[in-house]
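Trainee: Would you mind keeping the following structure in view while I ask a few things?
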């Protein structure tokens, strides 16, 4: 009876280990960021791209509207690809686009804006990438949707495409 | 002359204490950075990585230490931004109870079996 119980315990333990390892094999090993978590917008002070003056985050997001924060850089190739879509979004009156110029050179960034158009109502400078960290960003490009309650409700990692633009339009409806 | 001596000692002691606190901060910074995962790298800590993401995190950690934040608060800040995955040693919470308690449970049950066997032999 005792032996049977020991055998049963060993079988249970081995099956348990098998399930754990089998599940582990099926789980992707790379990191999948959470993109739908609601988070408060960070409080920060950032330099305005054109005026060079520091602005507080509560001044930046003071209007009762949806905001889109887009992290971009002139050296980032996917940013060029998504820029026409941002230009299209900027025409929508129920959203305001805030650009976060990430680890960039002012002249190059200015040339980018002059060449491709300015889709942003305000551009902030993130010279060392720390402002991006405040938003929980991984790199460029990245786009965050902020609702009227000043919560980050969605983030898109990588360049936005037509489907994402449609999704954004649905969110701000 | 006496005043000059006192002045020199004072300057030196301030200098040494500054160096000591800088060293302590550096040690703490390295400890924290080694425990933060570089999320865009393959199996590297932020300490080992030279990526843009890692260098931004290094700056943030440095800034937070200088602001007087404790190690746990810095982890908490990063966890809030990037989730539990960013820390190599995840804290004890409802998602990690199993992870933390299983080895302890196995150890205790192993110990109990051993004690029982020894008692039985005696």
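Protein chains in written order, with my numbering: chain W, 19 to 191; chain L, 520 to 641. Note that beta-carbon positions come from the ideal geometry of N, C-alpha and C, so glycine has one too. On a predicted model such as this, the values are computed, not experimentally measured, just so you know.
At a Cβ threshold of 9 Å, is residue 623 of chain L touching chain W?
Mentor: As a first step, residue 623 of chain L is located in the second chain; it is residue number 104 there, counting from the start. Answer no: the Cβ-Cβ gap between residue 623 of chain L and chain W never drops below 9 Å.
Trainee: Rounded to the nearest angstrom, what separates residue 62 of chain W and residue 180 of chain W at their Cα positions?
Mentor: The sequence position of residue 62 of chain W within the first chain is 44, counting from 1. The sequence position of residue 180 of chain W within the first chain is 162, counting from 1. So the two alpha carbons sit approximately 31 Å from each other.
Trainee: Count the other CB atoms within 10 Å of the CB of residue 624 of chain L; is the residue buried (16 or more) or exposed (fewer)?
Mentor: For the purposes of this step, residue 624 of chain L is taken as residue 105 along the second chain, with counting starting at 1. Flag for residue 624 of chain L reads exposed.
Trainee: With H, G and I counted as helix, E and B as strand and the rest as coil, what does DSSP make of residue 108 of chain W?
Mentor: Numbered from its first residue, the first chain carries residue 108 of chain W at position 90. If DSSP states are grouped into helix, strand and coil, residue 108 of chain W belongs with the helices.
Trainee: Could you tell me which whole alpha helix (DSSP H) segments of length 4 or greater appear in the region 539–613 of chain L?
Mentor: With a minimum length of 4 residues, the continuous alpha helix (DSSP H) runs that stay inside the region 539–613 of chain L are 571–585 and 590–601.
Trainee: Is the CB of residue 586 of chain L under 9 Å away from at least one CB in chain W?
Mentor: If you number the second chain from 1, residue 586 of chain L lands on position 67. By this cut-off, residue 586 of chain L is not an interface position.
Trainee: Any beta-carbon of chain L closer than 9 Å to the one on residue 148 of chain W?
Mentor: For the purposes of this step, residue 148 of chain W is taken as the residue at position 130 of the first chain. At least one chain L Cβ lies under 9 Å of residue 148 of chain W.
Trainee: Taking C-beta pairs closer than 7 Å, name the residues in chain L that residue 157 of chain W reaches, listed in chain order.
Mentor: One-based indexing of the first chain puts residue 157 of chain W at position 139. Correct list: 559, 571 and 572.
Trainee: Pairing CB atoms from the region 81–99 of chain W with CB atoms from the region 157–173 of chain W, are three or more of them under 8 Å?
Mentor: With the cut-off at 8 Å, the region 81–99 of chain W and the region 157–173 of chain W touch.
Trainee: Is residue 131 of chain W near residue 141 of chain W, with beta carbons less than 9 Å apart?
Mentor: If you number the first chain from 1, residue 131 of chain W lands on position 113. If you number the first chain from 1, residue 141 of chain W lands on position 123. Taking 9 Å as the Cβ cut-off, residue 131 of chain W and residue 141 of chain W qualify as a contacting pair.
Trainee: Using the beta-carbon of each residue, which ones in chain L are nearer than 8 Å to residue 37 of chain W?
Mentor: Counted from its first residue, the first chain places residue 37 of chain W at position 19. Neighbours of residue 37 of chain W on chain L: none; closest Cβ ~13 Å, over 8 Å.
Trainee: If you compare alpha carbons, which of W/146, W/147 and W/127 is closest to residue 138 of chain W?
Mentor: Numbered from 1 along the first chain, position 120 holds the residue referred to as residue 138 of chain W. Among W/146, W/147 and W/127, the Cα nearest to that of residue 138 of chain W is on W/127.
Trainee: For residue 95 of chain W and residue 101 of chain W, I'd like the C-alpha separation in whole angstroms.
Mentor: As a working mapping, residue 95 of chain W is identified with position 77 in the first chain. As a working mapping, residue 101 of chain W is identified with position 83 in the first chain. Residue 95 of chain W and residue 101 of chain W: Cα-Cα distance of roughly 10 Å.
Trainee: Going along the chain, which residues of its own chain have a beta-carbon closer than 6 Å to the beta-carbon of residue 611 of chain L, five neighbours each way excluded?
Mentor: Locating residue 611 of chain L in the second chain gives position 92, where the first residue counts as 1. Only 619 meet the Cβ criterion.
Trainee: Contact between the region 33–46 of chain W and the region 104–124 of chain W: three or more CB pairs below 8 Å?
Mentor: At 8 Å Cβ cutoff, the stretches do not touch.
Trainee: Under 9 Å, do residue 143 of chain W and residue 124 of chain W count as touching if we go by C-beta distance?
Mentor: Position 125 of the first chain, counted from the start, is the residue given in the question as residue 143 of chain W. Position 106 of the first chain, counted from the start, is the residue given in the question as residue 124 of chain W. Contact flag set, yes.
Trainee: Look up residue 66 of chain W in the DSSP assignment and give the residues it is bridged to.
Mentor: Taking the first chain and counting its residues from 1, the one referred to as residue 66 of chain W is at position 48. BP columns for residue 66 of chain W point to W/142.
Trainee: Select from the region 599–622 of chain L all residues with a C-beta closer than 7 Å to any C-beta belonging to chain W, and list them in chain order.
Mentor: Of all residues in the region 599–622 of chain L, 600, 601, 602 and 604 have a Cβ within less than 7 Å of some Cβ in chain W.
Trainee: Quick check: is the beta carbon of residue 154 of chain W nearer than 9 Å to any beta carbon in chain L?
Mentor: Taking the first chain and counting its residues from 1, the one referred to as residue 154 of chain W is at position 136. Chain L, which has a Cβ nearer than 9 Å to the Cβ of residue 154 of chain W, makes this yes.
Trainee: Against residue 121 of chain W, what residues of chain L qualify as contacts under a CB-to-CB distance less than 7 Å, listed in chain order?
Mentor: Here residue 121 of chain W corresponds to residue number 103 of the first chain, with the count starting at 1. Per Cβ cutoff of 7 Å: 571.
Trainee: So if DSSP puts residue 90 of chain W in a beta bridge, which residue, or which two residues, is it bridged to?
Mentor: Translated into the one-based positions of the first chain, residue 90 of chain W becomes position 72. According to DSSP, residue 90 of chain W bridges with W/119.
Trainee: Would you say residue 564 of chain L lies against chain W (beta-carbon separation less than 9 Å)?
Mentor: Here residue 564 of chain L is taken as the residue at index 45 of the second chain, counted from 1. Not an interface residue.
Trainee: Candidates L/564, L/639 and L/550: which alpha carbon is nearest residue 556 of chain L's?
Mentor: Taking the second chain and counting its residues from 1, one reaches residue 556 of chain L at position 37. Out of L/564, L/639 and L/550, L/564 has the C-alpha closest to the C-alpha of residue 556 of chain L.
Trainee: Is any beta-carbon of chain L found at less than 9 Å from that of residue 168 of chain W?
Mentor: Residue 168 of chain W sits at position 150 when you count from the first residue of the first chain. No, because no Cβ of chain L sits closer than 9 Å to the Cβ of residue 168 of chain W.
Trainee: Between which two residues does the beta strand (DSSP E) holding residue 162 of chain W run?
Mentor: Indexing the first chain from 1 puts residue 162 of chain W at position 144. From DSSP, the beta strand (DSSP E) with residue 162 of chain W extends over 160–164.
Trainee: Taking the beta carbon of residue 177 of chain W as the centre, do at least 16 other beta carbons fall within 10 Å, making it buried, or is it exposed?
Mentor: Numbered from 1 along the first chain, position 159 holds the residue referred to as residue 177 of chain W. By the 10 Å Cβ count, residue 177 of chain W comes out buried.
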